[in-house]
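Under my numbering, residues 13 to 442 are what the sequence shown spells out, in order.
Glycine residues also receive a C-beta, built at the ideal position from the N, C-alpha and C atoms.
Note that the coordinates shown come from a computational prediction; the quantities given were computed from them, not determined experimentally.
Working notes, beginning with the structure itself.
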Amino acid sequence: MTAHLRGLLNRIPPVRLVGATEALVQRILLAAILWGVFSGPPLPYPNLPEPVGLARWSSLWQSLGWDLSRFSDPHVWSTTRTIVSITLVAYVAGLGLPIAVPILALLHIGIRTVVNSQGAPHHGHQILSLVLIAQWLVLWSCAAARLTARLHSSSPPPWAQPKRLHSWIWLYSIAAAAVTYPISVVTKLEVSRGKWLENSHYVAAQIVKTNRQGYYNSLDPSLLNGVPLARAASDNPAHDRYRYPVPVQAAWLKDHRALARTLFGIGFLLEACAGLAILSRWFAFWIGLGFVSLHASIGWLMALYFPLNEWLMAIYFLNAAGWIAAFRARELTRPSTTTWIAATILTSAAFAASALPSLSPTATGMLRVTIAPASSLSAILSPVTPATLAPLNLALGFAFQTIITTVAFSGLLSAWRLLASRFRRPASQG
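Okay, here's the thing in structure tokens:
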């Protein structure tokens, strides 16, 4: 069995070198995300009532003469944005990366520590902090190896060669993003005592709670649309159980328990296997496509959104620029013209259908999942795209979606040909 496993692993293609153009596209998109994070007003939190993380190191901040709550000061925030702007320009240009990335990482961790120290921590930004920390470690490790080699008048080790730097940044960014998901699996199993999948259909109750919480927060009447509950013989006016309908998604989960467990089980398995994304570009692509679809589905079902997860998956896992580079260099078989045309037609149909006002909520949700990669790219670029260039943003999203669909078709066709060749009977000889 060990020999078979070793043979399987040996067949996985090695991580290819990431070219300068591919790395530039990744840096531009990550910089757009970071600019969106820092482009808002000063943090409205002058105090840290429930300090977490770095905020608990009060003695350290006192010795440095600094307080994290100063990010709420307009002057400090203006200075922070100036530093971020200059640093992002250097980051995109690839200049001084061992200095630029730590600055971005520390500032991002700092402002999110302030937000999470208000008593309601949210883990939506942790994945971005981890990616920045991973890039920081890669840059400093390679720089240290090259510096040590120079001091000893020797050549740096092969892994620290400058031409491999982009590849390590890409690979460790994937690893940092992927590692967050198995933690979710362990937490679900621990808290539910191993019964998470068995009880997953009860997520319908959480959807109802989330929906009504959103209504009471915003008084948005659209949140009261759904399926009316059967009236009780006598309503209890002290409760609102029968006052409002339940969301369509919750009603669907309640009525399709086995299918709900199956769908949640697929997501559970995907989270458990996230670490496989580091094995090859194909592994990263399919796992990334699965997660983008998973988060889009969760957003539709539960109104729980993790946009940074989707965006980082689009940049590093789906990585359209990397696929174009691989096809142009003929490292992978180029998709046929028919495949490109089929992908373009499917993408066009999905975009056109998503604009129809007469779609049912279920159909709308499914289409949103279908074009989730395009939505991710458009959302990444929106903070740095003027309103007058909105059509360009839409066109880039369409192109990105078409590339991703083409790669998916190519992968499925290659898998089909491989299976067909394995099961095809040899021609009879006579």
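Three-state class that DSSP yields for Val64 in the structure shown: coil
Cβ shell of Ser433 (< 6 Å), same chain only, five flanking positions each side left out: none
With 16 other Cβ atoms within 10 Å as the buried cut-off, status of Gln225: exposed
Leu119 vs Thr91 beta-carbon contact at 8 Å: no
DSSP three-state assignment for Val191, whether helix, strand or coil: coil
DSSP state of Val30 mapped onto helix, strand, coil: coil
Contact test: His137 Cβ vs the ligand MN heavy atom, cutoff 7 Å: The model depicted lacks the ligand MN and carries no ligand whatsoever.
Cβ neighbours of Cys285 in the same chain (closer than 8 Å, five flanking residues each side left out): Ile299
Backbone CA spacing between Leu406 and Gln38 [nearest angstrom]: 19 Å
Length of the line joining the Cα atoms of Asn211 and Gln218: 12 Å
Residue ranges of each alpha helix (DSSP H) within the stretch 104 to 158, 4 or longer: 109 to 128
Pick from Ser234, Leu344, Ser366, Asn331 that is closest to Val260, judged by C-alpha positions: Ser234
Span of the alpha helix (DSSP H), counted from its first residue to its last, around Leu282: 269 to 284
Straight-line gap, Phe295 to Ala190 (C-alpha atoms, nearest Å): 12 Å
C-beta contact flag for Leu151 and Val113 at 8 Å: yes
CA-to-CA distance, Leu301 to Thr443, given in whole angstroms: Outside the displayed range of the chain (13 to 442) lies residue 443, so it cannot be described from this structure.
Start-to-end residues for the alpha helix (DSSP H) that takes in Pro403: 402 to 435
Run of the alpha helix (DSSP H) containing Tyr227, from where it starts to where it stops: 215 to 230
CA-to-CA distance, Gly377 to Ile312, given in whole angstroms: Note that residue 312 is Trp in the sequence shown, not Ile. Cα to Cα, Trp312 sits roughly 6 Å from Gly377.
Given 8 Å, three or more beta-carbon pairs between the stretch 51 to 71 and the stretch 333 to 352: no
8 Å Cβ cutoff met for Ala315 and Asn223: yes
Beta-carbon gap between Pro174 and Val64 smaller than 8 Å: no
Same chain only: Cβ atoms within 6 Å of Ala43, ignoring 5 sequence neighbours per side: Leu100, Tyr103, Val104
Counted within 10 angstroms of its Cβ, other Cβ atoms place Ala427 as buried (16 or more) or exposed: exposed
Spatial distance of Asn128 from Arg68 (CA atoms): 12 Å
Nonlocal neighbours in the same chain, by C-beta distance under 7 Å from Pro319, ignoring five residues either side: Ala391
As assigned by DSSP and simplified to three states, the class of Gln38: helix
Cβ pair Leu355, Thr397 closer than 8 Å: It is worth fixing the name first, because residue 355 is Ala in this sequence and not Leu. Cβ distance not < 8 Å, so Ala355 and Thr397 don't count as in contact.
Given Ala1 as reference, the closest of Ala156, Ala365, Leu306, Pro257 once Cα atoms are compared: The requested residue 1 does not occur in the structure, where the chain is confined to residues 13 to 442.
Start-to-end residues for the alpha helix (DSSP H) that takes in Met512: The structure shown has nothing for residue 512, since the chain only spans 13 to 442.
C-beta contact flag for Leu29 and Ser165 at 8 Å: no
Rounded straight-line distance, which links the Cα of Ala399 to that of Gly206: 49 Å
Outcome for His135 when other beta-carbon atoms lying within 10 angstroms are tallied against a minimum of 16: exposed
3 or more residues per run - each beta strand (DSSP E) lying fully within the stretch 335 to 385: none
Limits of the unbroken alpha helix (DSSP H) element including His307: 293 to 314
Per-residue burial, Arg429 [other beta carbons within 10 Å of its own, 16 or more giving buried]: exposed
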